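According to the numbering used here, the sequence shown holds residues 6 to 985 in order.
Contents: one structure, followed by commentary.
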Amino acid sequence: MVPAIFKERPILVGAMAVLATPICLPVLIPVCIPVAICTAVYFMYSTGGGPEASEKQSAVVSPAEAKPEAAKVEVAAPAASAAPPPFKPKTSAAASSPPPFKPKPKASAEAAAAPNPSSLTGSAAILARMKQSKDASSKASAPPPEPEVKPDADAGAKPAAPLSGGAALLAQMRAKKAAQAKPEPTPEAEDAPAGEVRGTINIFYGGEAATQISKDLEVELKKSGYAACLRSTETFKEAKLDKEPSVSLFIVETVENAQPAEAAGTCVRWYNRQKKKAEGEGTMFAGKLKYSVLCLGDTNLLLDRQTTTAKDCNQAGQALDNSLKFLGAERLCERGEANDAVGLEEGVDPWKERLLPALDKAFPALKSATEEDAAMKKLLVLYGSQTGNSAEIAKEFAGECPEHGIEATVMAMEETKFDKVMVPGVVTVVVVSSTGDGEPPDNCAKFYSQLGRRKNPPDLLKGVKYAVLGLGDQNYSAFMAVPRHFHIRMEECGATPFYRRGEADETEGLEEYVDQWKEGIWAPLKKALQEKDMNVPTKAAAAEAEDPEASDKKPKAKAPAASKALTEDKLMGVPALPVCRVALEWHQDGTAEAAQTAAPGASDYTVEAPFMATVVECKRLTATDSDRDVLHLALGIAGSGVKYSPGDSLGVMPSNDPDLVNKILTRLGLDGEKRFSVCAAEGQQTEMALLPHIRTPCSIRSAFAHSVDITTALRKTTLRVLAEHCSEQTERVQLLSLCSRGGRDDYSKEITIGQPGLLELLNQFPSCNPPLAPLLDALPKLNPRMYSLSCAQEENPEQAHVAFSVVNFTTPAGHTKAGVATNWIARSAGPRASTPVSTVPIFFKSGGQFAMPQDLSAPIIMVGPGTGVTPFRGFLQKRRAMLAASPPATAGAAWLFFGCRRAEEDYLYKEDLEEFAKDGTLTKLHVAFSREKAEKVYVQHLMEANGAALAGLVNSGAYFFVCGCAPNHPSEVPYRSPLP
């Protein structure tokens, strides 16, 4: 009979005996030798050397083979008053401390309920052996064991892997729950039906065991009717707990030397610093955050292992709890403190019992705030965008609104009517940029004009609340002209600003400024939306009014819930999925496509209704052996009624490469000949003119060829839509990461610099198959390309001339890119046209102050390297006509600085320029050839060489014109600094 102490502590007693032997050899030989022999015999039997161990091992079955009765076997924790087991060092010097917490393995409750004591180690093994000893001494006879379950020969199942440390204790917790559960689930234990969620709770986890406990808690909360959002404590700032009311739970581990687990460290320390900074009682979370903290620790990990209570080993959770309370947060219930050395369940279970009643009390108070949100007016987000930046920011902002309980509609100003949306009760955020010389973007020009009418009464916009976010570039003289105009005119017409105007400068970084501006808008925005006079249906009423069969008619404009997998992958700042605003109505074959041109005889041509100009001439201006392909294009405009001036721009409406269009249609599995019309999705305003750039009815092929941009780098909102339609989770997460705030650097590298187009991304993510409607709604429109006119109508009354470089290049990522418009013109009308066309859709746009002076006595200085010289050809043609018509007594000087590589390679309009110098239209012609000599010479060098003469012209009132590739060229021209 082996003594009980050897059964409970065989290795410890054996080790003590061996260590004592050399010290007390003369005295203790009669004692040590029997002890060592007994220990060795028992160790052999308990670890697989005897029949008893063999019997124990044969009782282990796989989770698939375990029966529910096995769950009755329960490993008991020691009594609270019992002394904890002494610390047992490992043999490795590098592992002198017990292992940290480990997450619960994915095993069934039945298998976890019957752990084999010989397969456990650490505190779990000790607890199991104590249980066996207790049972053996308290019961005279035990019931016969359950018959051994023989594995199925075909199943091939293997025993479950042994558990250890915190993982073993977590398995015991699950076993205890399984043993107490009924065989059949009760109705109360089932998941709450969809639509009956009582509230959403954030669960922040920091540490391995905390992760598993959080997942188990999520399941329990779901059964109680709550929705849980799992978050790593590393993402605590993304939750913005100090901005919006919320209920949050923090499960935090303390590891070696009373330090927080790595994942929780940043959170714990950051809130502790905020506590130290606060004067008196903090107010950061006052009225916003309700919380509770569950602390996980292990006294075995303390340096002083004489301490035995959970309080001693949970400093990280205690510090977090105290900081949150100090900063004004409301504690839901007393924090939980669990000690792994005596059993985590001893601290976790009582905390859960306190938590659920506290949550039931907390959410009725939050319900009133939810009802207020439901009664809020839908926010209207309007944008005016030329390059796409304003559109992207507006869509991202609207996508974030649901996270703050706000319903929003986003649209370009051209998609609506001024008098339809600017009515009392409307709350709007306007995102708009300036273009050129302080002009509005094309897609908000009409809206801008109506707002700017001087005859507008001062109460026209009474009852409208608004905020303006402007985008601009301070390198331009009319910086923020359009956003400031919107802000001032709306206030002059009776509207009330509810938030400060934002001005984001592209030279200083748009994203950083916009993020800061958005942080402060949510509270005043909610206040503006919650006005009593806004009689709008609540979200609940709208839901009750929904047609149950509507899903078969049109897609609902509803943003989906956040992905759980996304939360687990710890992506930070993933934008909300934009609501698809459109539905497609399909037509039978034979439906005629919408007209793409204006009515004959019109003179006010626009992007929407261009003039179809005839191709008169298209020739190459550069040498055939040059790698620069510059084309001169002459278009016939007879009968258009157009009047233009030098300095104006000619807009060309291009078409995408048909080969690229075919590849995209094939990749998406679309029939390019099917025709459709665009209509509003259910829940959207039917009076909106959605996607006006797609002139429908049209075919799918026509939409991709003429209406949407498929070549430029995709914006983040488009990536978000593509991510939503990836069937492979890894591809989905990659795209979500690229469009997230945390993936900003990757987006810059892979998208902004790499510049993949739509086809490249679809091929890179083969599981991505977006439906046509959300894809068309997400893709930017195909913008016109603007080119400076290179002629004057005085010399070319029925023609318009432009010159441009055909753009082809390879990105750092290896993508071959071709300029849409320049290659379309070269392909359609160039010297080597492959698909010749006879007409080109065009319109004209004023150059504003960039115009030839009417006063011929004033000197003019023109600087135009490369194709920047093209507008000055028009200036000089007009100047020549003016001099011939009414020569002044004294004509002012006219200087031109032009730069190119070599005279025989790319001296653009050489004959014309030299003719101007010969007939006196041009006083001085300075040409810089950068590649003809060893030392490169540019226009700025020639300007510096003629600095004194230029200073004299400037001092006498000269006009100074610069045309080049912004932003590089103008900053290199020394006209900004004082001339000698």
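Each residue gets a CB set at the ideal place from its N, CA and C atoms; glycine is no exception.
Keep in mind that this is a model prediction, so the values were computed, not measured.
Subject >> Cut-off 6 Å between Cβ atoms - residues of its own chain near residue 84, not counting five sequence neighbours on either side >> reply: The predicted position of residue 84 is uncertain, since its pLDDT is 38 and thus under 50; a value taken from the coordinates is nonetheless stated next. Excluding residues within five positions, none has a Cβ falling inside 6 Å.
Original post:
In whole angstroms, what separates the C-alpha of residue 967 from that of residue 853?
Top reply: 14 Å
Original post:
Per the contact definition of three or more C-beta pairs closer than 8 Å, is the region 648-662 in contact with the region 789-807?
Top reply: Output reads yes: the region 648-662 touches the region 789-807.
Original post:
According to the neighbour-count rule (16 or more other Cβ atoms, all chains shown, within 10 Å of its Cβ), is residue 758 buried or exposed?
Top reply: exposed
**OP:** Might you give, ordered along the chain, the residues of its own chain that have their beta carbon closer than 6 Å to the beta carbon of residue 883, omitting 5 neighbours on each side?
**Re:** 651, 797, 799 and 857
Subject >> Closest Cα partner of residue 231 within the set 472, 252 and 721 >> reply: 252
Original post:
With respect to the alpha helix (DSSP H) encompassing residue 693, which residues constitute its N-terminal and C-terminal limits?
Top reply: No alpha helix (DSSP H) contains residue 693, which DSSP labels as neither H nor E.
Original post:
Expressed to the nearest angstrom, what Euclidean distance is found between the alpha-carbon atoms of residue 991 and residue 655?
Top reply: The question about residue 991 has no answer here: the residues shown for the chain are numbered 6 through 985.
Original post:
Buried or exposed: residue 840, going by 16 or more other Cβ atoms within 10 Å of its Cβ?
Top reply: exposed
Subject >> residue 213 to residue 259 span [Cα, whole Å] >> reply: Distance between the alpha carbons of residue 213 and residue 259: 11 Å.
**OP:** Find the nearest neighbour of residue 528 within the set 293, 804, 969 and 822, judged by alpha-carbon distance.
**Re:** 293
Original post:
Does the distance from the C-beta atom of residue 725 to that of residue 582 stay below 9 Å?
Top reply: yes
**OP:** With distances taken Cα to Cα, identify the nearest neighbour of residue 361 among 417, 277, 254 and 401.
**Re:** 254
Subject >> Counted within 10 angstroms of its Cβ, other Cβ atoms place residue 821 as buried (16 or more) or exposed >> reply: Answer is exposed; the Cβ neighbour count stays below 16.
Original post:
Looking only at its own chain, which residues have a Cβ that is under 6 Å from the Cβ of residue 335, when we skip the five neighbours before and after it?
Top reply: For residue 335, where only same-chain residues beyond five positions count, the Cβ hits under 6 Å are 295.
Subject >> Simplified DSSP state of residue 792, which is helix, strand or coil >> reply: strand
Original post:
For residue 926, which of helix, strand or coil comes out of DSSP?
Top reply: Coil at residue 926, not helix or strand.
Original post:
Between residue 756 and residue 577, what straight-line distance do the alpha-carbon atoms span, to the nearest angstrom?
Top reply: 18 Å
Subject >> Nearest residue (CA-CA) to residue 855, options 898, 965 and 836 >> reply: 965
**OP:** Pair every Cβ in the region 828-845 with every Cβ in the region 666-675, then say whether three or more of these pairs are closer than 8 Å.
**Re:** Under the 8 Å Cβ criterion, the region 828-845 does not count as touching the region 666-675, having fewer than three qualifying pairs.
**OP:** For residue 867, name the three-state secondary structure that DSSP assigns.
**Re:** DSSP places residue 867 within a strand segment (E or B) once states are collapsed to three.
Subject >> Residue(s) in a DSSP beta bridge with residue 617 >> reply: 846
**OP:** Consider the C-beta atom of residue 365 and the heavy atoms of the ligand HEM; say whether any pair is separated by less than 8 Å.
**Re:** Absence of the ligand HEM from the depicted structure is noted, as is the absence of any ligand whatsoever, leaving it without description.
Subject >> Counterpart residues of residue 508 in DSSP-defined beta bridges >> reply: 475
Original post:
Using the C-alpha atoms, what's the distance from residue 783 back to residue 768?
Top reply: Going from the Cα of residue 768 to the Cα of residue 783 covers about 18 Å.
Original post:
Is there contact here, the region 471-478 with the region 501-515, by at least three beta-carbon pairs under 8 Å?
Top reply: yes
**OP:** Quick one: give me the first and last residue of the beta strand (DSSP E) that residue 251 is part of.
**Re:** 251-258
Subject >> Backbone CA spacing between residue 579 and residue 244 [nearest angstrom] >> reply: 12 Å
Original post:
Which residues mark the beginning and the end of the beta strand (DSSP E) in which residue 809 is found?
Top reply: 804-810
**OP:** Could you tell me the distance, in whole angstroms, from the CA atom of residue 341 to the CA atom of residue 208?
**Re:** Residue 341 and residue 208 have their alpha carbons spaced roughly 14 Å apart.
Subject >> Residues of its chain near residue 907, where Cβ-Cβ distance is below 7 Å and the 5 sequence neighbours each way are ignored >> reply: Hits under 7 Å: 934, 936 and 937.
Original post:
Considering residue 205, what are the terminal residues of the beta strand (DSSP E) in which it resides?
Top reply: 204-211
Subject >> Assumed close pair residue 754, residue 397 - CB separation to whole angstroms, cut-off 8 Å >> reply: The Cβ separation is near 18 Å, so there is no contact.
Original post:
Does the beta-carbon of residue 889 have 16 or more other beta-carbons within 10 angstroms, so that it is buried, or is it exposed?
Top reply: Its Cβ having fewer than 16 others within 10 Å, residue 889 is exposed.
**OP:** Just confirm the distance between the C-beta atoms of residue 430 and residue 467, as a whole number of angstroms; I'd bet it's less than 8 Å.
**Re:** That belief does not hold up - the Cβ atoms of residue 430 and residue 467 are roughly 10 Å apart, past 8 Å.
**OP:** Let me know the beta strand (DSSP E) ranges lying completely inside the region 309-359, each 3 residues or longer, listed in chain order.
**Re:** 341-344
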